[in-house]
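What follows is a short report on a single structure.
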Amino acid sequence: MAKQYETAIGLEVHVELATKTKIFCGCSTAFGGAPNTHTCPVCTGMPGALPVLNRQVVNYAVAVGLATNCTIARHCRFDRKNYFYPDNPQNYQISQLYLPICKNGHVDIETPDGTKSVGIHEIHMEEDAGKLIHDAGEDCSLVDYNRSGVPLIEIVSEPDMRSAQEVIAYLEKLRMMIQYLGASDCKLNEGSMRADVNLSVREAGAEELGTRTEMKNLNSFRAITRAIACERARQIALIESGQQVTQETRRWDDAREESCAMRSKEDAQDYRYFPDPDLAPVFVSDAWLAQIRDSQPEFRGEKMARYRQEYAIPEYDIGIITDSKPLADLFEATVAICGQPKKVSNWLMGETLRLLKEKGMDPEDIVFSPANLAKLIGLVDSGAVNTTVAKEVFEAMFAGDIDPEIYVEEKGLRMVSDEGALRNKAEEVVAANPQSVTDYRNGKERAIGFLVGQTMKAMKGKADPGMVNRVLRDLLDEM
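Take 0 as the starting number for the sequence shown in numbering that gives the first Met the number 0 and just add one per residue.
This is the structure we're talking about:
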């Protein structure tokens, strides 16, 4: 009988915090600036430059710690992690080893077997390194220090996850909580959320964990899933061939669907940590902690429960809308204006999500205002525009947050409610389509649909299809 193996997985999740300036200086944290333009003597490691802690970094770290059920350290400090690499201008990284800001928390995830608690070993604050760009054409490497000094929190889990599905559930739960807090946008594609996977394999039923490896360069949930499957298979193959799994750091290549060894796994002594002499210890007072606790938002679970009580919308709609805080905020603000939760939900679940997908956008990229969405719903309700025209107006509103009432007037899209004018167009359509008239008289109901379509076309969509149908039937019955 073949041996059965169990996978033990822990994650080190790095999250770039949504501060406007870096952790120890006043440089911008904006993504995408020209290389080495968001820099100063502090974040480029110039001699004599002294760091000053950004208070908002502590606020965000504590807020995430509270959301993940951690114990908040009232006294913590920063340490220097010494290593020599081109993207590390000081030749050390300021981090927290001995006294991190948060410890001993947990996050509950949903699995096929029910709710599972994943332990949080610690959350610590640190600065990010710069970015190396390897230019194969010029056979050189360039360094961009814009990212150097961007504030991070590192969320270190216990090795409590047993599958890629549990890992993704954990990451999705973390990402949602952090986005609801406003602490980060958690965009994997921009590197504002990055996960290193620590994985080991042991025989099923064994108590001691196997030798773990750490995998880096994982920038999507898809890459994480594939990397876990491949590393599990690689370690099992080594064990079954009588070889030892080496504790090391590996780099995942998503294009080749394989990992390669980068370096043997370091221990803390390799980095020669010591307390940073330029930064004072951090003291989180009772008042400061209470202020952060009181400002915690309504998280998704609480929001879903409230939606069930306040809004008459399906459970499916509630799940989709609350999956994104920007979408939930837009929904609530629009409903507050127009008082029509189901119609607001329909526009968000339908046209909004369709256009976001088509354009490769995220909900936080939406530009149209709740006021304008409410106006559009009002135009449809009043009969000023039909659904077809409303979708055309919505696309323009989605692209540039135009006022739908002004747009309808300027483009001449208001529905024709003059039955006399509508009858005139219907008469022209009937005269031009004698075969369809004959088909209708012979009991072919589809013929009326064709005539309605032709009349709507002649009216340039600016008519109520129901009224068109009625006018045509009246006209045909009179003939």
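Glycine included, each C-beta is placed from N, C-alpha and C at the ideal position.
Rounded to the nearest angstrom, what separates residue 353 and residue 372 at their Cα positions? C-alpha separation (whole angstroms): 16 Å.
When you compare each of 202, 443 and 295 to residue 3 by their alpha carbons, which one comes out closest? The shortest C-alpha separation from residue 3 is found at 202.
Can you tell me which of 263, 121, 364 and 36 puts its alpha carbon nearest to the alpha carbon of residue 245? When each option's Cα is compared against that of residue 245, the closest is 263.
Please state whether the Cβ-Cβ distance between residue 38 and residue 144 is less than 7 Å. Yes; because the gap between Cβ atoms is below 7 Å, this pair is in contact.
Can you grab the Cα-Cα spacing for the pair residue 43 / residue 92, in whole Å? Their backbone Cα atoms lie some 12 Å apart in a straight line.
Work out the CA separation of residue 16 and residue 100 for me, nearest whole Å. Within the model, the alpha-carbon separation for residue 100 versus residue 16 is close to 15 Å.
Sequence-distant residues of its chain with Cβ nearer than 7 Å to residue 79 (five each side left out): Excluding positions up to five away in sequence, the list reads 91, 93, 272, 273 and 275.
Check this for me: beta carbons of residue 53 and residue 18, under 7 Å apart or not? By the CB criterion at 7 Å, residue 53 and residue 18 fall inside the cutoff.
Check this for me: beta carbons of residue 319 and residue 166, under 7 Å apart or not? Not a contact, by the Cβ cut-off of 7 Å.
For residue 153 and residue 21, I'd like the C-alpha separation in whole angstroms. Between residue 153 and residue 21, the C-alpha separation is close to 16 Å.
Candidates 88, 126 and 117: which alpha carbon is nearest residue 95's? Among 88, 126 and 117, the Cα nearest to that of residue 95 belongs to 126.
Could you compute how far the alpha carbon of residue 182 sits from the alpha carbon of residue 280? Near 22 Å, if we compare the C-alpha coordinates of residue 280 and residue 182.
Starting from residue 233, trace the alpha helix (DSSP H) in both directions and tell me its first and last residue. Residue 233 -> alpha helix (DSSP H) spans 220-239.
Euclidean distance between Cα positions of residue 88 and residue 396: Each residue's Cα considered, the two are about 46 Å apart.
Of the residues 288, 301 and 26, which one's Cα is nearest the Cα of residue 148? Ranking 288, 301 and 26 by Cα distance to residue 148 puts 26 first.
Look at the alpha carbon of residue 56 and the alpha carbon of residue 218, and state the distance between them as a whole number of angstroms. Their Cα atoms are separated by approximately 23 Å.
Integer-rounded CB distance, given that residue 227 should sit under 8 Å from residue 200: The pair is not a contact, with the Cβ atoms about 11 Å apart (cut-off 8 Å).
Closest Cα partner of residue 124 within the set 61, 82, 176 and 108: Nearest option by C-alpha distance: 61.
Residues that residue 496 bridges to, as DSSP identifies them: In the structure as shown, the chain begins at 0 and stops at 478. Residue 496 is therefore absent and cannot be evaluated.
Among 176, 252, 243 and 239, nearest to residue 225 - alpha-carbon criterion: Ranking 176, 252, 243 and 239 by Cα distance to residue 225 puts 252 first.
Does the beta-carbon of residue 213 have 16 or more other beta-carbons within 10 angstroms, so that it is buried, or is it exposed? The residue is buried, with at least 16 neighbouring Cβ atoms inside 10 Å.
Can you tell me which of 6, 177 and 391 puts its alpha carbon nearest to the alpha carbon of residue 204? Out of 6, 177 and 391, 6 has the C-alpha closest to the C-alpha of residue 204.
What separation, rounded to the nearest whole angstrom, lies between the Cα atoms of residue 324 and residue 41? If you take the alpha carbons of residue 324 and residue 41, they lie about 35 Å apart.
What residues match up with residue 151 in a beta bridge as DSSP calls it? Answer by DSSP bridge pairing, in chain order: 15 and 125.
If you draw a straight line from the alpha carbon of residue 108 to that of residue 1, how long is it in whole angstroms? Rounded to whole angstroms, residue 108 to residue 1 spans 31 Å at the Cα level.
Given residue 364, which residues of its chain have a CB within under 8 Å of its CB, disregarding the five upstream and five downstream residues? Taken in chain order, the residues that qualify are 355.
Keeping to the same chain, check which residues put their C-beta closer than 6 Å to that of residue 317; ignore five residues upstream and five downstream. Within the same chain, residue 317 has close Cβ partners 303 and 306.
Candidates 122, 472 and 160: which alpha carbon is nearest residue 444's? That would be 472, whose Cα lies nearest to the Cα of residue 444.
Measure the C-alpha to C-alpha separation of residue 175 and residue 300 and round it to an integer number of angstroms. Approximately 11 Å between the Cα atoms of the pair.
Contacts around residue 375, its chain only, beta-carbon distance under 7 Å, and the 5 residues preceding and following it disregarded: Result list for residue 375: 389, 392, 393, 396 and 403, in chain order.
Does DSSP classify residue 347 as helix, strand or coil? Helix, per DSSP.
Suppose you measure from the CA of residue 270 to the CA of residue 83; what does that come to, to the nearest Å? Across the structure, residue 270 and residue 83 are spaced so that their CA atoms are roughly 10 Å apart.
Give the straight-line distance between the Cα atoms of residue 67 and residue 327, rounded to the nearest whole angstrom. Rounded to whole angstroms, residue 67 to residue 327 spans 22 Å at the Cα level.
What are the boundary residues of the beta strand (DSSP E) that includes residue 21? Segment: none, residue 21 is in no beta strand (DSSP E) and carries neither H nor E.
Straight-line CA distance for residue 387 to residue 427? So the alpha carbons of these two residues sit roughly 23 Å apart.
Between the CA atoms of residue 293 and residue 14 - distance to the nearest angstrom: Computed Cα separation, rounded: 23 Å.
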